[in-house]
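These notes concern the structure reproduced below.
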Amino acid sequence: MAFVDDSKGYIATAGGARVEDYVALLKPRVMSLVVFTAIIGLLLAPGGINPVVAIIAILCIAIGAGGSGALNMWYDADIDAIMSRTANRPIPAGRVTRGEALAVGIICSGFSVAILGLATNWVAAALLAFTIFFYAVVYTMWLKRSTPQNIVIGGAAGAFPPMIGWAAVTGDITLPSIVLFLIIFLWTPPHFWALALYKQGDYGAAGIPMLPNVAGESATKFQILLYSIILVGTTFLPSALHQAGWLYTVIAAMTGTSFVYLAARLYRSHDNLTMKKVARALFTYSLSYLAVIFFALLVDHVALLAGWIK
Amino acid sequence: MSSPIVPQDDEARRRRQRRNNIALGIVLAALVAIFYMLTIVKMGPNVFTQRDL
Numbered sequence: 001m002a003f004v005d006d007s008k009g010y011i012a013t014a015g016g017a018r019v020e021d022y023v024a025l026l027k028p029r030v031m032s033l034v035v036f037t038a039i040i041g042l043l044l045a046p047g048g049i050n051p052v053v054a055i056i057a058i059l060c061i062a063i064g065a066g067g068s069g070a071l072n073m074w075y076d077a078d079i080d081a082i083m084s085r086t087a088n089r090p091i092p093a094g095r096v097t098r099g100e101a102l103a104v105g106i107i108c109s110g111f112s113v114a115i116l117g118l119a120t121n122w123v124a125a126a127l128l129a130f131t132i133f134f135y136a137v138v139y140t141m142w143l144k145r146s147t148p149q150n151i152v153i154g155g156a157a158g159a160f161p162p163m164i165g166w167a168a169v170t171g172d173i174t175l176p177s178i179v180l181f182l183i184i185f186l187w188t189p190p191h192f193w194a195l196a197l198y199k200q201g202d203y204g205a206a207g208i209p210m211l212p213n214v215a216g217e218s219a220t221k222f223q224i225l226l227y228s229i230i231l232v233g234t235t236f237l238p239s240a241l242h243q244a245g246w247l248y249t250v251i252a253a254m255t256g257t258s259f260v261y262l263a264a265r266l267y268r269s270h271d272n273l274t275m276k277k278v279a280r281a282l283f284t285y286s287l288s289y290l291a292v293i294f295f296a297l298l299v300d301h302v303a304l305l306a307g308w309i310k
Numbered sequence: 311m312s313s314p315i316v317p318q319d320d321e322a323r324r325r326r327q328r329r330n331n332i333a334l335g336i337v338l339a340a341l342v343a344i345f346y347m348l349t350i351v352k353m354g355p356n357v358f359t360q361r362d363l
């Protein structure tokens, strides 16, 4: 049996990977969030798109996100091996070689951008290419290991999909699509810092300068509260810009209040056990919060179009 | 004649590769379908209309 020992010392069996391992390289869970927000961006955009083209566009955005995920796993295999959350990923677990991951990443990225450009327009394709570059190069290769602000700037990569979905229909970048971008962009720091607060041992061992490890827990809790308030304020922009009606506004107010309440509870938590418990609760809540906000935008949009609400 | 003895590892490896090949085949078929549908959509509704030459 042949073994491949690559430059970073991970030993994987050549040709030993299963289909599931290649799928895991594409980070399907991250992909699901990308697909969801991209679909909402596509459906909210003014104008029409052929349903077949729309499905192909979403598929391209998903595969592009998957490609950048594979590139991230290719580059980060060394730190993934150290952290409990990521130690079982295909490369550190020895099921896929780094070369295979790189090939999957490049092929998925290239094909998704090219097909999206051919199917829709080159503005959407350029945005997808920039997103992949931003996540794989700016975030993974540069920011992640060098600054505690890594996820603040790197979060932009995760915020682009609704803009790409929007651009697939309209062929341009306008204020309403930038608002969708802003919501995810501002949601990312409190979401990941909450995770970092109860997983900081992991990040510290891997040498990743996450905010709790560098600036301390108090500073992180303050930043989470600050970003949460700005985020919730931003979720009212669609209403202020007449992009959304009262139904969305009510849902944004209710879910936003809970978000800030949890962030404030985290800020006030002093003992380690309570802090970790609340941080975990905020992390879990933030996931459903983003889904609810985007879904509410869509429901409100449909209800306005159908004349169910005014 | 008895069948050749195949080491357990090689047998498992062959099965895995077969599954991978099938998955790759499905991906390629999906790509063909995507390009076909995209071409039809881009050519517009008159693609099946017969024209006199």
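Quick mapping for you: the protein sequence lines, in order, are chains A and B.
Heads up, the first sequence is in the working numbering, so the first residue is 1 and it goes up one at a time.
Heads up, the second sequence is in the working numbering, so the first residue is 311 and it goes up one at a time.
Built from N, CA and C at the ideal position, the CB exists for glycine as well.
A quick note: this is a predicted structure, and the numbers were derived from the prediction, not measured.
Of the candidates G66(A), G47(A), K144(A), the residue whose Cα lies closest to the Cα of R29(A) is G66(A). Counting only residues of its own chain and dropping the five nearest sequence neighbours on each side, I229(A) has a CB closer than 7 Å to the CB of V260. In the three-state reduction of the DSSP assignment, K277(A) falls in the helix class, which pools H, G and I.
The count of Cβ pairs closer than 8 Å, one atom from the region 56-74 of chain A and one from the region 32-42 of chain A, reaches three, so the stretches are in contact. In this structure the region 74-85 of chain A touches the region 96-109 of chain A; the number of beta carbon pairs closer than 8 Å is three or more. For the alpha helix (DSSP H) assignment, the uninterrupted runs of no fewer than 4 residues enclosed by the region 13-76 of chain A are, from N- to C-terminal side, 19-25, 28-44, 51-75. Residue contact check for A125(A) against chain B: no CB pair falls below 8 Å.
Put simply, the backbone Cα of L182(A) is about 17 Å away from that of L298(A).
Put simply, the CB of V351(B) is near chain A, with a gap under 8 Å to one of its CB atoms.
Residue nearest to K352(B) within the set A70(A), L118(A), P189(A), G94(A) is L118(A) (criterion: CA-CA distance). Listed by position along chain B, the residues whose Cβ is nearer than 9 Å to that of I115(A) are L341, I344, F345, L348. Using a CB distance below 7 Å, the part of the region 47-62 of chain A facing chain B consists of N50, V52, V53, I56, ordered along the chain.
Between the region 45-55 of chain A and the region 161-180 of chain A there are three or more C-beta pairs closer than 8 Å, enough to call the two in contact. Within the region 96-175 of chain A, the complete alpha helix (DSSP H) runs of at least 4 residues fall at 98-119, 122-133, 150-159, 161-170. At a beta-carbon threshold of 9 Å, the residues of chain A lying near N330(B) are G15, A17, R18, V19, Y22, ordered along the chain. Beyond the five residues adjoining it in sequence on each side, M210(A) comes within less than 7 Å, by CB distance, of P148, A196, Q200, Y203 in the same chain, given in chain order. Residues of chain B whose Cβ lies closer than 9 Å to the Cβ of L118(A) are, in chain order, F345, L348, K352. Nearest CB-CB separation between R324(B) and chain A: not below the 8 Å threshold.
Here L143(A) is not near L128(A), since their CB atoms are 8 Å or more apart.
Around the CB of D271(A), fewer than 16 other CB atoms lie within 10 Å, so the residue is classed as exposed. Separation of G154(A) and Y135(A) (C-alpha to C-alpha, rounded to the nearest whole angstrom) is 7 Å. For the 8 Å CB-CB criterion, Y227(A) and P190(A) form a contact. Between A126(A) and A57(A), the C-beta gap is not smaller than 8 Å, which leaves the two residues out of contact. In the pairwise beta carbon analysis, the region 242-260 of chain A is classified as touching the region 289-303 of chain A: at least three pairs are separated by under 8 Å. For the pair R326(B) and R265(A), the CB atoms are not nearer than the 8 Å cut-off. In this structure H242(A) is exposed. Its beta-carbon is surrounded by fewer than 16 other beta-carbon atoms within 10 angstroms.
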